[in-house]
Each structure stands twice: as structure tokens, then as C-alpha cells.
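Asker: Protein chains in written order, with our numbering: chain A, 3 to 223; chain B, 10 to 297.
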Amino acid sequence: MVEMFHVSKYYDREVPALEDVSLKVDKGEFIFITGPSGAGKTTLLKLLFCGEKADAGQILIAGWDLDRLKKNSIPYLRRNIGIVFQDFKLLPNMTVLENIVFAMRVVGNSEKEIKKKALNVLKLVDLMHKADDYPLHLSGGEQQRVAIGRAVCNEPTILLADEPTGNLDTKSAVAIIDIFKDINSKGTTVLVATHNENLFLSSGRRVVILDRGRVTGEGLR
Amino acid sequence: MISYHLREGLRNISRNKLLAITATFIISISMMIFGIFLILFLNLNHLHQSWAERVQITVYLKEGAYESNLIEIIGKEKEVAEIFYTSKEKALIEFKKELGRDKDILDSIGNNPLPSSLDIILKKEHRTSESVEPLVRTLKRFQGVEEVHYGENWVRDLTALLKGLKITGLLLGSLLAFGVAFIISNTIKLTLYARQEEIEIMKLIGATRGFIRGPFLVEGALQGICGGALSILLLYGFYHIVAYAINSRFPGFHPDFLAPLLLIQICLSGLLLGFLGSFSSMERFLKM
Ligand SMILES: Nc1ncnc2c1ncn2[C@@H]1O[C@H](COP(=O)(O)OP(=O)(O)OP(=O)(O)O)[C@@H](O)[C@H]1O
Ligand SMILES: [Mg+2]
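1) DSSP three-state label for residue 42 (chain A), please.
2) Do residue 191 (chain A) and residue 28 (chain A) count as a contact pair if the criterion is CB distance below 9 Å?
3) Rounded to the nearest angstrom, what separates residue 158 (chain B) and residue 109 (chain B) at their Cα positions?
4) Drop a sphere of 10 angstroms on the beta-carbon of residue 187 (chain B), count the other beta-carbons inside from all chains shown, and report buried for 16 or more, exposed for fewer.
5) Can at least three beta-carbon pairs, one atom from the region 197-208 of chain A and one from the region 11-25 of chain A, be found at a separation below 8 Å?
6) Find out if the Cβ-Cβ distance for the pair residue 184 (chain A), residue 129 (chain A) is shorter than 9 Å.
7) The alpha helix (DSSP H) with residue 149 (chain A) in it runs from where to where?
8) Got a sec: is the Cβ-Cβ distance from residue 40 (chain B) to anything in chain A below 9 Å?
9) Residues of chain B with a CB under 7 Å from the CB of residue 105 (chain A): which are they?
10) Give a yes or no on whether the minimum CB-CB distance between residue 62 (chain B) and chain A is below 9 Å.
11) What's the call for residue 218 (chain A), buried or exposed, on a 16-neighbour Cβ count within 10 Å?
12) Specify, as a first and last residue, the run of the alpha helix (DSSP H) that residue 31 (chain B) falls within.
13) Distance cutoff 9 Å, beta carbons only. Does residue 78 (chain A) sit that close to anything in chain B?
14) Is the CB of residue 22 (chain B) under 9 Å away from at least one CB in chain A?
15) Taking beta-carbon pairs under 8 Å, can you tell me which members of the region 197-227 of chain B lie near chain A?
16) Tell me whether residue 75 (chain A) sits in a helix, a strand or coil according to DSSP, three-state version.
17) For ligand 1, I want to know if residue 164 (chain A) counts as a neighbour, meaning its beta carbon is within less than 8 Å of at least one of the ligand's heavy atoms.
18) What residues of chain B sit near residue 93 (chain A), judged by a beta carbon separation below 9 Å?
19) Contact between the region 171-188 of chain A and the region 5-13 of chain A: three or more CB pairs below 8 Å?
20) By how many angstroms is the C-alpha of residue 140 (chain A) removed from the C-alpha of residue 121 (chain A)?
21) If you measure between the beta carbons of residue 287 (chain B) and residue 230 (chain B), is that distance less than 9 Å?
22) Hey, out of B:282, B:247, B:268, B:214, whose CA is closest to residue 102 (chain A)'s CA?
23) At a threshold of 8 Å, does residue 219 (chain A) count as lining ligand 3 (C-beta to nearest heavy atom)?
24) Measuring straight from C-alpha to C-alpha, what distance separates residue 11 (chain A) and residue 19 (chain A)?
25) May I have a chain-ordered list of the beta strand (DSSP E) segments no shorter than 3 residues that lie completely inside the region 186-222 of chain A?
26) Can you grab the Cα-Cα spacing for the pair residue 117 (chain A) / residue 63 (chain A), in whole Å?
This is the structure in C-alpha cells:
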């Protein structure tokens, strides 16, 4: 599903953000990427959804070769990738339901499809009762669940989450991970970048450790 | 899909009504200035043409010129329909008729001072200023021609003025068109900044550039066409006031308003300029 071969990324600095990173993630896998602050976790995810371009190496994702991807194909790549951020990135002037409907409309779903799917998505993230609330009236955990709903509503094959529980308490964090597990069990490949060990300790999932841009360890936890 | 872009475009406008109204108003003023210019130009042009339709060229002959020869050569010019010869004697008789009671003045001169002349009637399709002036130039070169009269000085001045106005109009038009596109591109820029977050999210979700652009193009095009329509209303008011003033001083002279087709073109050019202005803003914004 995701393959990285000797990928490096340099911003305008001497220290590389990523250096010679190779990684293979199978279809249906649920994998964690961890490491200290500045290790390159966010950069790695950005490369995967074409938020940044790699300076060296090759990346294959969901059947696309990012090196050969034309600029106007990026939107179509992203429809296969759901993205969740630490700061949720919800639109404050739209309700929970509207935020999700917006995402479905943007990629050209018919209104009929949207109506049908949106409620299922709300059920999935357990927010039926908050459908008409505005994001700023929700707790952090609830807001992140809206963001997850928005990320998965177009049924991506891969879900990328960058520090999804960074702003949440433990209980909310557990709920988020449970939703990821649920999504993963339906066949979606999940990549979570986090420095919070509690998310993956005794999870039985594969964990890749980054440090100063290099892969320094990998194993099941 | 179109309805989405339309709805979102309207939402953009309603979010910042004051900005949209101000911009539309400034656009309509710019377009009105051009419209006033257009009205002026077209009416002068009309005047010029209607003069040309009635134009009669009179060729005065030199003493002792061979009129039959000249009639033959001039008759070969493609613009000429008919030629009437007036001899010296006939000219004198007619002149006397015109003078009426004062004709005695002429008797004291003795010799007939009037030249013989040819009145030239043009074919219908050649009664335009474009045909008249080259013909007059040709006629002047013929042997035996003393002078060619074809209207008064003001007509010649008007021809020159119209030429000048045409160039000025082109310059003014392109300047104002540029201004309109600039105004719209700037108002669009402001809405773009207001919706930056939304656009960022749209990009991450996988919206195409075209989809992101749509509402802003609608917004720009709407402002442009509204500006155009408003300018027509303003122009119409202006035209009425001026036409009234002219009419009370020169009864019988009715200046024309712009033709319906031209009005539609003004609206459409507003639409196009709005579209282009918005597009240029978007291009720069989406690159970031
Ligand atoms: N846009 C950028 N421009 C320049 N340097 C950057 C940029 N983004 C990240 N970096 C640098 O690249 C390195 C890796 O950053 P990255 O954000 O990928 O780390 P991270 O593992 O996500 O850290 P954190 O846990 O704090 O989020 C850091 O040294 C960072 O300063
Ligand atoms: Mg990070």
C-alpha cells in the first residue's frame, strides 16, 4: 500500500528532516511511527500526501508513483488518503454534519449519496447527537472525532494521522484509537505518527522509530 | 455542480456585502465613463455619416476648361452616379434669382465672375466619408479643376476629431478594462484571505483546482456583470439629462443612446473582466 525507497527530505537546512528512509506498509496494516520531537514524523506523512516533495528516493502509495505524479493529479491521490491532524482543522462556521458533508461535496459526490453516507459516518465516530453543533462547542475529543469522520467519509484506502491525540486526555485518546481500529478492521490501512508511547504499548502493532530523520528501530509492540 | 459554485459564489458576496457593493459601484463608474465616451463617439460618428449620406460634391472649373472632357473622366470614377453641368451663364441666372431684388449689384460688375461647375451625385453605397474624401483628392488633381467643395470646414474637423477619438477610446477602454479587472482581482483576493482556511482544507481533502476556483470565478463574474448593468442604468440617466439639455438648445437634434446589442456587450465585457480578474487572483493564490 505504501512503499518508500531511500527517501530523503531536506528543508533549507544542513540537518536533513528525513534521510534514506525505506518503509513498506501492507494493505490493511495499522502501523505507528514514533520518535522524539523533530524526528521527521510529520515530514514523512507530508511526503505521503504530497504536502511536500521528497528530495531523493521513491515513494509508491495506493498505486501512485509520487515522483511521476502530475500536479493536477494530486487531488485524486488525496481522495484515496484520509488525513487527521493534531489541531483538527475543522471549519468553525460549519456544524459537525456540515463539515462532513462539505468534504463529501468537495470531491463531487451527489447530494443523494452524501445524505446517505453522512449519517453512517456520524454513527461511526459516535457523534449522531452532536450533528448540528458547531465545532467550538465540542470537547477536543469530539472535535477530533469529527475530523476523523471527515477523513474517512470518502472511504480512503489509507488513513494518515499526525499526532491525533496530542491535544486530548487519555480517555479521549483511547476512544480515538478505538475508532482507528474500527476503521482498520474494515480494510483501511492506518498510519499514526505520535510520540506518545501509550498509544501503541501492548497494542500488538508494528512501530517504526525515527530519530533525526533516520529509521533507528522497528518492531511489534 | 454549477449550483454549488453559484451558491458558494453568492455566499462569498453576502459575507462581505459592503466590499462587494463598493467594488461593483466603482466598476460601474469606470464602465460608465467608457459608456459616456462611447455615446459621444457614436453620435458624432452618426452625424458624420448622415452628413456623408447627403453629401454633394461641387467641382468648380477653371476659365476655359473642357467640361465635356471632364464629365467623361469623372464619370468613370466608381463612386459617381450622376453629373450635372452648370455653365457660367446659368450660374449667373441662378445667382440673380437668389439675390432677388438686389440683383442690380451684379449689373454694375459687368463681366460674369462666376465659374462653371459640375455637381456630382454619388452612388448610394459610396455616400460615406470613407469614399468621399479619397474621391475629392482625386478630383482635385484633374486638369481644369479649380476647386472642389464638398461640405464645410467643420466636417473636415469632425473627421479628424473622430480619428483622434477612436485612438483615445481604445486607450481609455483598455485602461478602464484593466482597472476593472484589477478592482475585481483585489476584492477576490480579500475573500480569498477570508476563506484561506477553508481552501487549505479543500486542498487536503482532494478538491481539484477547478472546484476550488469555481465560487470565486462566479463571485468575480457576478460583480463584473452587476457593475456593467449598473453602469447602463447610470448611463441612461446621464443620457436623459444631456439629451434634454441638447434638445432645448438645438431642437430637432436627438442624440442616440447605445444600441441594445452594445448594452449587452457592455454587460458581457463586465462579466468577462470579472472572470479574468478573479482568475488572475486565484492563480497567484493557488500557487502558494
Ligand atoms: N516547513 C519546514 N521548513 C523548514 N524546516 C522544517 C519544516 N518542517 C519541519 N522542519 C524541520 O524538519 C525536522 C523534522 O520536523 P518534523 O515536523 O517532521 O518533526 P516531527 O517528528 O513531526 O516533530 P514533532 O514531534 O515535534 O511534531 C525538524 O528539524 C524541523 O525543524
Ligand atoms: Mg510533527
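Don't be surprised by glycine CBs; every beta carbon is placed ideally from N, CA and C.
Answerer: On the basis of the data shown:
1) Residue 42 (chain A) sits at position 40 when you count from the first residue of the first sequence. Here residue 42 (chain A) sits in coil by DSSP.
2) Taking the first residue of the first sequence as position 1, residue 28 (chain A) is located at position 26. Taking the first residue of the first sequence as position 1, residue 191 (chain A) is located at position 189. Their beta carbons are under 9 Å apart, which means residue 28 (chain A) touches residue 191 (chain A) by this criterion.
3) In the second sequence, counting from the first residue as 1, residue 158 (chain B) sits at position 149. In the second sequence, counting from the first residue as 1, residue 109 (chain B) sits at position 100. When rounded, the distance between both Cα atoms is 25 Å.
4) Here the question's residue 187 (chain B) lines up with position 178 in the second sequence. Residue 187 (chain B) should be labelled exposed.
5) no
6) Position 182 of the first sequence, counted from the first residue, corresponds to residue 184 (chain A). Position 127 of the first sequence, counted from the first residue, corresponds to residue 129 (chain A). Cβ atoms of residue 184 (chain A) and residue 129 (chain A): not closer than 9 Å.
7) As a position in the first sequence, residue 149 (chain A) is number 147, starting the count at 1. 142-154 is the span of the alpha helix (DSSP H), which, as asked, contains residue 149 (chain A).
8) Counted from its first residue, the second sequence places residue 40 (chain B) at position 31. With 9 Å as the cut-off, residue 40 (chain B) does not count as an interface residue toward chain A.
9) As a first step, residue 105 (chain A) must be located in the first sequence, where it is residue number 103. 214, listed in chain order.
10) Within the second sequence, numbered from 1, the residue matching residue 62 (chain B) stands at position 53. Answer no: the Cβ-Cβ gap between residue 62 (chain B) and chain A never drops below 9 Å.
11) Here residue 218 (chain A) is taken as the residue at index 216 of the first sequence, counted from 1. It counts as exposed.
12) For this step, residue 31 (chain B) is matched to residue 22 along the second sequence. Per DSSP, residue 31 (chain B) belongs to the alpha helix (DSSP H) from 26-62.
13) Taking the first residue of the first sequence as 1, we reach residue 78 (chain A) at position 76. Yes, its Cβ sits closer than 9 Å to a Cβ of chain B.
14) Along the second sequence, read from residue 1 onward, the residue named residue 22 (chain B) stands at position 13. No, residue 22 (chain B) lies away from the interface with chain A (no Cβ there is under 9 Å from its Cβ).
15) 206, 207, 209, 210, 211, 212, 213, 214, 215, 216, 217, 218, 220
16) If you number the first sequence from 1, residue 75 (chain A) lands on position 73. DSSP places residue 75 (chain A) in helix when its eight states are reduced to three.
17) Start at 1 with the first residue of the first sequence, and residue 164 (chain A) comes out as number 162. Yes.
18) Taking the first sequence and counting its residues from 1, one reaches residue 93 (chain A) at position 91. Under the 9 Å cutoff, chain B gives 206, 207, 210.
19) no
20) One-based indexing of the first sequence puts residue 121 (chain A) at position 119. One-based indexing of the first sequence puts residue 140 (chain A) at position 138. Distance between the alpha carbons of residue 121 (chain A) and residue 140 (chain A) is about 18 Å.
21) Position 278 of the second sequence, counted from the start, is the residue given in the question as residue 287 (chain B). Position 221 of the second sequence, counted from the start, is the residue given in the question as residue 230 (chain B). Their beta carbons are under 9 Å apart, which means residue 287 (chain B) touches residue 230 (chain B) by this criterion.
22) As a first step, residue 102 (chain A) is located in the first sequence; it is residue number 100 there, counting from the start. Taking only the C-alpha atoms, the option nearest residue 102 (chain A) is B:214.
23) Ligands in the displayed structure: ligand 1 and ligand 2; ligand 3 is not one of them.
24) Sequence index remark: in the first sequence, residue 11 (chain A) carries index 9 (1-based). Sequence index remark: in the first sequence, residue 19 (chain A) carries index 17 (1-based). Roughly 6 Å between the two C-alpha positions.
25) 191-195, 208-213, 216-222
26) In the first sequence, residue 117 (chain A) corresponds to position 115, counting from 1. In the first sequence, residue 63 (chain A) corresponds to position 61, counting from 1. For residue 117 (chain A) and residue 63 (chain A), the distance between alpha carbons rounds to 30 Å.
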